[in-house]
Structures are given as structure tokens and as C-alpha cells.
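Chains A and B, in that order, are what the protein sequence lines are. Counting from 1, one number per residue, gives the positions in the first sequence under the working numbering. Counting from 1001, one number per residue, gives the positions in the second sequence under the working numbering. C-beta atoms are modelled at their ideal positions from N, C-alpha and C, and glycine is treated no differently. Model, not experiment: these values are computed from the prediction. Notes follow the structure.
Protein chains: 2
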Amino acid sequence: MAKLPHVVIVGAGFGGLAATRGLRRVDVDVTIVDRNNYHLFQPLLYQVASGLLDPSAIASPVRTIVRRSPNVDVLRAEVTGVDLAQRRVITSAETLDYDYLVIASGSETDYFGNEDARQRSTGLKDLSEALGLRSQLLGCFERATLTADADARRRLLTFAVVGAGPTGVEYSGAVAELIKHVLPKDYRRIDFTEVSVVLIEAGDRVLATFAPRLGRLAERSLQRKGVRIILGRSVRGVDDQGIVLDSGERVETSTVVWTAGVRATTPLDLEGDALARSRRVKVTPELNLSSHPEVFVIGDAAAFEQAGAVLPMLAPVAIQGGKYVGKAIAARLKAQESPPFHYHDKGTMATVGRGAAVAQIGPIHIDGLVGWFIWIFVHLLYLVGFRNRALALWSWAWNYFFWDRPVRLIISASDDR
Amino acid sequence: MAKLPHVVIVGAGFGGLAATRGLRRVDVDVTIVDRNNYHLFQPLLYQVASGLLDPSAIASPVRTIVRRSPNVDVLRAEVTGVDLAQRRVITSAETLDYDYLVIASGSETDYFGNEDARQRSTGLKDLSEALGLRSQLLGCFERATLTADADARRRLLTFAVVGAGPTGVEYSGAVAELIKHVLPKDYRRIDFTEVSVVLIEAGDRVLATFAPRLGRLAERSLQRKGVRIILGRSVRGVDDQGIVLDSGERVETSTVVWTAGVRATTPLDLEGDALARSRRVKVTPELNLSSHPEVFVIGDAAAFEQAGAVLPMLAPVAIQGGKYVGKAIAARLKAQESPPFHYHDKGTMATVGRGAAVAQIGPIHIDGLVGWFIWIFVHLLYLVGFRNRALALWSWAWNYFFWDRPVRLIISASDDR
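Quick look at the structure:
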């Protein structure tokens, strides 16, 4: 049997999995490489961080997801570099030769060079951070019960979230609900007027990528839950006592969650002109590196311009990119041309807690309970695997009816692996 | 208001929680101290280790469990010592004065002084070990897919369990099922004839505390699942290549799970005559230290003799001890005598995989599917909290009908806290 063309896919996120699926019936051998053995449903990560979902509800083993694709091999390894000239991917485990390469390596938290912020705050991009945050928040409450010094106690009980994009809004809303409805039953010694959630945003409104009306609705909804919102202030520094804003004002806190920015992360050794804003890789209309048409870059890692704007870092962009790449590679094998990539915007949404979400589907803007049900429906639709869907739905229903956040275990650094 | 007598309970296991519950309507202030913020349902720990259950299905926050006991305070801290003369408990957080002290601090893995074994094997006593084992086992399969050397690969794919008590039997059965029914679908590159589970027992039969017939049934059931059972051999040493038995025979393996022994662990500074076998604390018929009637010791930590034998380290012993202590303290406050503690044996059971368990209830011996349903019923009965019960039942049903082990995430040491 002749050796089939080898496609290496870097990253088992939304983009990488969509590309894998797209290549299922194509005559190629596929190797998908990821440092984790699981696909992570990142949009729900904040629910793990706020104690609503178990890690396994939003993470599925990659091998299980690709079980029915006989041409796919899974490699759990860190990709450390790409040799474009030799067409090789270098990983921590082995070196892979490729005929086609799909870079779907996603993004990481961007602290914009603020080293203090990086060291003293937590991002919300992977399971480790989400579980760390869960323990950190509950640990603060435990320590607060033992702290007589009122200032120290208030610092422990103030939770600051930097960045009011969807992640910052969703996480601060979830934490505010946890504090309002669940924790008072467990921490009777704590005076809950000392507890607060502060959301800090450099821009002049929350959810800047949504229509202004939806942003205002989200803002009001968060305020009703008790979230203090500081707009138009950026973070100058973070120290042991908390945050210093550019106005000089301080927010005294022991917990800083950083959702203010993300930047692409790829194993490609590119600099300068090859990169766009947020270190995303510039690509051709066919999602290729212009110098290497056998290399595709999709999702957060790619800067794809459409209608004068670069596509946002969202799961649907990555998924559509992955599907496109599957078709493009199939076409190339038959020496056919493929049309340029085109992203179909199916709308964006964000939830602001129990029974409230905002959704924007083209000209249609939806909010409140209807928005929330749409949000649940869409997220369940995308959640990988039936078990995860059922588990997540169960947890949501539980939370909705009992105002509970069931997963509140503090497990130390070496635990719960 | 006069200050109420203060009862300090060390440990939020079965015994500590039962004592707390027993004191709910007694005029005392209770502080329950545990290093973790959760109660762990230890009998199901092996199911977390084998990827069937999520940690949160067998762990519940202590604060949530005691919510409805207004006289109970929870302290998450390590108990570092007890000053019996001054009636003080010293913890990593604060020092607690007590009028009554309940030591329910449980047990830890006993390597019988075998330092090699301690360093190179994993116990199965806490969440951290169970999750570590889950990652270790899956990590071995990942590495095996990349290993060309047949000896190294077979070592990675051999899983050794030392000790054929209930934990060793249950865990090896669960791993054998995982290997037989689930992993072949995920690891298609692996030759499963190279995979094996080895159960090593120094005694001459498995489940030595059960009737011989039930032990034989369990043995045969494990063998049918492919577990290799080595009886009458103890472990002389553990090195990088695996286990050396006292016969000189080697078991080449990268994974050693140690369930061969447990010993009591208490913050009491006792030695010599005060301790019985397995470092359990000798107690009076009223579960007290003879020198300090205000100090109770219960569960695994205590050596209580009844009908010529010391009670086993089992959850029901701890639970009945805790209930007794609650009543004994109430009686003392009214200057009444309490009758000596008496343990009612309600039977023991062990599961040996999907649809098979052995149960021994006095003279009645049950096995097979009926045993398994009794096992499920009893465990659900004891599982703390409705959500946990429902989640565990869901997972079991899933496993039963789909032969699946849903939780198969490899999360590194610093993750999944």
C-alpha cells in the first residue's frame, strides 16, 4: 500500500478537532498533537472556576473523541517547534514529518508585558487555572474566618476581575451568585457585607464587542448581583495588597483574575511582518502561510481579515476554519482549487448568571431568560459527547432550582490530578 | 449566656461526622477540624482512581454537610498536636481549648518500614493518590504507544497491586475492566496481550477477612477478568524496574499500588503500651483514653476489643463509634453513666467489578449480581448528600450499560485542584 499523505494537526481545540473530523473520509493519515490528553470546552471554563461544573463535564479525552476516525492518530506531547523547510514538527516526544500542517494552537493570556500582573494574578484559559481559582476563592473564605484584622479580612474577601469581555463578565457574574446564594450558608461566621466582587475594565463599557444596549443590560444585571464595576481604568500594577489603577486608586484584594487580553501562541518561529495584532499569524485567503501553502493556520492562532476586520477569537471561527481546511486538503489531493475561506457569523452570546444571558445574532439582540435558554441550547449543542451534555445540563438544572454550586472542594496543588 | 462546653472533633471522616451529628441537639459548642475542606467517601476512592467517578461525586464540603447544625464550627487546618494536660489541640491555624476531645483521625498507608516501597508506589487513601493513579495509568498507556523497546513497553503496561484486601481486590477488578472494555477503543496501536494486572498477596487467599468461599469466588471472578493473582508471596523490594518478591521472582512494572496495610494516625503523642497493633490507640470500654476520660478515640484510630478481637478498620465501626460518643458526652453533661460501647456488625462487602460483589451479613453469604445490587444500595445509602448519590448512580448506570469509564483525563500535578 502506498504511503498516504500525512497531515499533522497541532492542537485539539475546536479548530483542530473540526479539521480532524473534516479529514475523516479523506485519504490521508492524520496525527493530532496536544499537550493534554483532553479537548477542553473553554467557553465553560468559568463554570469550573466558580464551582458549578466538574472538570470532566467540560473536558473529553481526545482519543475517545476521534475513536471513529480510523485514519487519526493521537500524540500527547508538547510541540516545541516547526521546521518549515524540512516539513517537520518537533515535539517533546517525537519528530513528525508532514505533507500538510494545520496550526490550531490557540491563544494564551496576555498580560501586555505587565510582569507583576502575570505573577500575581490568574488567567482563565486552562483547567489548571480554573481549578486553582476555585481553591483560591474558597481558601480566601477559610482564611477570612480566622482573620481578626478587618483590613486583611476585607482584602481576602475582595475578588477582582480585570477585563469585562465575555470571560470577565461571565466569571464575575458566577462568583457574585456563589457569594450571594451559596456561601452564606457555609460561612456563618463571615459578615457578607465585607465580601465584594470588583470588575475592572479599561474601556468605557462592558462587553465592548456586543451592541451597546446588550452591554448596558449586562452591566445592570451584574450590578444587581452586587458586582462593583469600574470602567475607563486600566491596571498600572499589582502588588501584595492588590491592584493599583492608572488613576492612582487602589483596589485592595488577594485575588486578581486576569481576563483583559489574550494573544496567539504558535510553535512557528515568526516575528515582525508575519504577525498581526495579538501575535496572530497572517494568512492568505485560503488560511495558508503565504510562503508555505502546505501550512494552514486557523482559529485564535490566525489573523484572517474579512470585510475589513480581523475575525474574533471565538470557537465558531476556529470550527469553521477547521472544516474549511479539511475540504481544502481534500481538494488539493485531487489537484482542485478551493474557494477562499469565508466565515459565517452565527452570532455571539454571553451569560451573566442564573437565567440571564445576552445574545446577538446578526441584527437580532436577545436578552434575559430567552437569551439564557438559547445560550444553554447552543452550548449543549457544541459540548462534545453525550455524557458531558447530560452532566452539564444536570448541573445547570440543579443550580437553577437550588441556587447551589455543588463543586466546592479545596484540593491542594498536588491533588486532583 | 454561660459558655457552653467545647467539644473538638479531629477528623471529618465517617467517625467525626457521626459524632458531630450525634451532638447536634446537645448543649455544647462543637469544632470539627480537618486538613481538607471536604469529607471523603473513602470506600469508593478506587472508582476515582479507575476513572469511573469524578472527585466531587465522593467528596462533599464539610461546611455543607454540617449546615443544619448551628452549634458546629468548621476549621480547615492540620492538627499538629494535643496537649492532654492543658486540654488544648494545636493546629496549623489556631489553638483550641476543649472540654471534650474526639480523635477520629483515621489511618494512613503502612509500608511496614519498606522505604523503597513507600517512595516507588502509590497508596489509595486520599483524593490526591486516586487522581495521581488515574493519570499514572493513562500516562503509561500514552508512553507505551511511543515505546519501541518491547521490555520497556511491557513494564509500562503491567499494573501491580500489592495486597488483596477489599481495596486491592476492588481496584484491580476495576482496572482490569478498564483495560478490557474501554482502553482498547482508545489505544488502537497497543497490543493488549502485553497489558496485565498483577495482584500480589502475602497471605494464602484474597479477601482474608471474608468467608473462604467468598474469597474463592472473588479470586475466580478476578481471574476471569484477566487479573494474575500471586498468593503467598510478600514484597521484598521495589526498584525502578518493578517488584522483587521474597521468592526472588520479579514483577516488571512501572506502577505499584500499595494496599497491603494501613496504620492509625493520630496527633496524640503515644508510644509503647498505649498503642495496639497498627498503632491504634488502646481505649476503655467507653472509647476513652484510660488516663483522660474526656478524650474519646474512635474509628480506625482506636483499638477497641470486642468478643476477643479488635474491631476492624471499617466505616460502620467509625460511624457507630461517633454516634456512641455523641450520646456519651450528652450523658456526662447530665452526670449520667453511659453503657460501654458495643459494635453491631451489619456485614461487610466488596465489589469485584461490573455486576459482581461479595457480601457477608452474619451467617448469610451473598455473591454475584444480587451482592452487587446490595452493594450499590448500601453505598448509596451512606454516600453523603443527594447530589452525590444521584451522580454516582448515574455513573454506575452508565458504566453498566455502556462498559465505559468516563473520567479519563490526564491532568498534571499542578492541575485540577
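List the whole-angstrom C-beta distance separating residue 281/A from residue 302/A, where the pair is believed to meet the contact cut-off of C-beta under 8 Å.
-> For this step, residue 281/A is matched to residue 281 along the first sequence. For this step, residue 302/A is matched to residue 302 along the first sequence. Going by Cβ atoms, the distance from residue 281/A to residue 302/A rounds to 6 Å, so yes, they are a contact pair.
Can you pull the DSSP bridge partners for residue 349/A?
-> Here the question's residue 349/A lines up with position 349 in the first sequence. Answer is 359/A, bridged to residue 349/A.
Looking only at C-alpha atoms, which of 1097/B, 1077/B, 1032/B, 1312/B sits nearest to residue 1166/B?
-> Numbered from its first residue, the second sequence carries residue 1166/B at position 166. When each option's Cα is compared against that of residue 1166/B, the closest is 1312/B.
Any chain D beta carbon closer than 7 Å to residue 64/A = As a matter of chain content, chain D is missing from the structure shown, whose protein chains are A and B.
Comparing the C-beta of residue 409/A with each C-beta of chain B, is any distance below 7 Å?
-> To locate residue 409/A, count along the first sequence from 1; it is residue 409. For residue 409/A, the answer is yes, since a Cβ of chain B falls inside 7 Å of its Cβ.
The beta strand (DSSP E) with residue 255/A in it runs from where to where?
-> In the first sequence, the residue the question calls residue 255/A occupies position 255. Its beta strand (DSSP E) spans residues 255 to 258.
Name, going along the chain, the residues of the region 83 to 110 of chain A whose beta-carbon falls closer than 7 Å to a beta-carbon of chain B.
-> 93, 94
For a contact meaning CB atoms closer than 7 Å, what does residue 1138/B contact in chain A?
-> Within the second sequence, the letter at position 138 stands for residue 1138/B. In chain order: 37.
Alpha carbon to alpha carbon, how far is residue 279/A from residue 269/A? Give it in angstroms, no decimals.
-> Looking up residue 269/A in the first sequence gives position 269. Looking up residue 279/A in the first sequence gives position 279. Straight-line Cα distance between these residues: approximately 11 Å.
Distance between residue 371/A and residue 32/A (C-alpha atoms, nearest Å) = Against the first sequence, residue 32/A aligns to sequence position 32. Against the first sequence, residue 371/A aligns to sequence position 371. Their backbone Cα atoms lie some 35 Å apart in a straight line.
Pick from 1355/B, 1261/B, 1360/B, 1381/B that is closest to residue 1373/B, judged by C-alpha positions = Within the second sequence, numbered from 1, the residue matching residue 1373/B stands at position 373. Looking at the Cα atoms, 1355/B is the closest of the given residues.
What residues of chain A sit near residue 1312/B, judged by a beta carbon separation below 7 Å?
-> In the second sequence, residue 1312/B corresponds to position 312, counting from 1. Those within 7 Å of residue 1312/B in chain A number zero; the least Cβ separation is about 28 Å.
Interface flag, residue 1199/B vs chain A, CB-CB below 7 Å = Taking the second sequence and counting its residues from 1, one reaches residue 1199/B at position 199. False, the Cβ-Cβ gap to chain A never drops below 7 Å.
In this structure, does DSSP put residue 47/A in helix, strand or coil?
-> Counting from 1 along the first sequence, the entry for residue 47/A is found at position 47. Note: residue 47/A maps to helix in three-state DSSP.
When the cut-off is 7 Å and only beta carbons count, does residue 67/A lie next to chain B?
-> As a position in the first sequence, residue 67/A is number 67, starting the count at 1. So yes, residue 67/A belongs to the interface.
Partners in chain A for residue 1056/B, counting only beta-carbon separations shorter than 8 Å | As a position in the second sequence, residue 1056/B is number 56, starting the count at 1. Chain A residues near residue 1056/B: 54, 406, 407, 409.
Scan the region 1003 to 1071 of chain B and note each continuous beta strand (DSSP E) run of 3 residues or more that stays entirely inside, going in chain order.
-> 1006 to 1010, 1029 to 1034, 1038 to 1040, 1059 to 1061
Could you tell me which of 336/A, 306/A, 101/A sits nearest to residue 289/A, measuring between CA atoms?
-> Indexing the first sequence from 1 puts residue 289/A at position 289. Among 336/A, 306/A, 101/A, the Cα nearest to that of residue 289/A belongs to 101/A.
List the whole-angstrom C-beta distance separating residue 1200/B from residue 1244/B, where the pair is believed to meet the contact cut-off of C-beta under 8 Å.
-> The sequence position of residue 1200/B within the second sequence is 200, counting from 1. The sequence position of residue 1244/B within the second sequence is 244, counting from 1. Not confirmed; about 11 Å, so no contact.
Would you report the Cα separation of residue 1307/B and residue 1013/B, rounded to the nearest angstrom?
-> Residue numbering aside, residue 1307/B sits at position 307 when the second sequence is read from its first letter. Residue numbering aside, residue 1013/B sits at position 13 when the second sequence is read from its first letter. Each residue's alpha carbon lies about 26 Å from the other.
Going along chain A in order, which residues have a C-beta closer than 8 Å to the C-beta of residue 1142/B?
-> In the second sequence, counting from the first residue as 1, residue 1142/B sits at position 142. Chain A residues near residue 1142/B: 37, 76.
Mind listing the chain B neighbours of residue 59/A? Cutoff is C-beta to C-beta under 7 Å, in chain order.
-> Within the first sequence, the letter at position 59 stands for residue 59/A. 1409, listed in chain order.
Could you confirm whether any beta carbon from chain B is found closer than 7 Å to the beta carbon of residue 221/A?
-> As a working mapping, residue 221/A is identified with position 221 in the first sequence. Not one chain B Cβ lies under 7 Å of residue 221/A.
Can you tell me whether residue 1016/B is buried or exposed, with buried defined as 16 or more other CB within 10 angstroms of its CB?
-> By 1-based counting over the second sequence, the position of residue 1016/B is 16. By the 10 Å Cβ count, residue 1016/B comes out buried.
With a cut-off of 8 Å, do at least 3 Cβ pairs link the region 1063 to 1082 of chain B to the region 1213 to 1223 of chain B?
-> no
Could you work out which residue in 5/A, 7/A, 262/A is closest to residue 163/A when comparing CA atoms only?
-> Residue mapping note: residue 163/A aligns to position 163 of the first sequence, counting from 1. Of 5/A, 7/A, 262/A, the residue nearest in Cα terms is 262/A.
Hey, which unbroken runs of the alpha helix (DSSP H) at 4 residues or more fall wholly within the region 282 to 320 of chain A?
-> none
If residue 1151/B and residue 1239/B are in contact, beta carbons under 8 Å, what's the gap, nearest whole angstrom?
-> For the purposes of this step, residue 1151/B is taken as the residue at position 151 of the second sequence. For the purposes of this step, residue 1239/B is taken as the residue at position 239 of the second sequence. Not confirmed; about 15 Å, so no contact.
Taking the C-alpha atoms as reference points, what is the distance between residue 1231/B and residue 1202/B?
-> For this step, residue 1231/B is matched to residue 231 along the second sequence. For this step, residue 1202/B is matched to residue 202 along the second sequence. If I take the Cα positions, the gap works out to 6 Å.
Please determine if the region 50 to 59 of chain A and the region 1041 to 1057 of chain B are in contact, where contact requires at least 3 C-beta pairs separated by less than 8 Å.
-> yes
Look at residue 1045/B and residue 1029/B and say whether their C-beta atoms are less than 7 Å apart.
-> Within the second sequence, residue 1045/B is the residue found at index 45, counting from 1. Within the second sequence, residue 1029/B is the residue found at index 29, counting from 1. The answer is no: Cβ separation not under 7 Å.
For the putative contact between residue 136/A and residue 122/A, defined by C-beta atoms under 8 Å, what is the C-beta separation to the nearest angstrom?
-> Position 136 of the first sequence, counting from 1, holds the residue named residue 136/A. Position 122 of the first sequence, counting from 1, holds the residue named residue 122/A. Contact flag correct, Cβ pair sits at about 7 Å.
To the nearest angstrom, how far is it from the Cα of residue 1358/B to the Cα of residue 395/A?
-> The residue given as residue 1358/B occupies position 358 in the second sequence. The residue given as residue 395/A occupies position 395 in the first sequence. Residue 1358/B and residue 395/A: Cα-Cα distance of roughly 34 Å.
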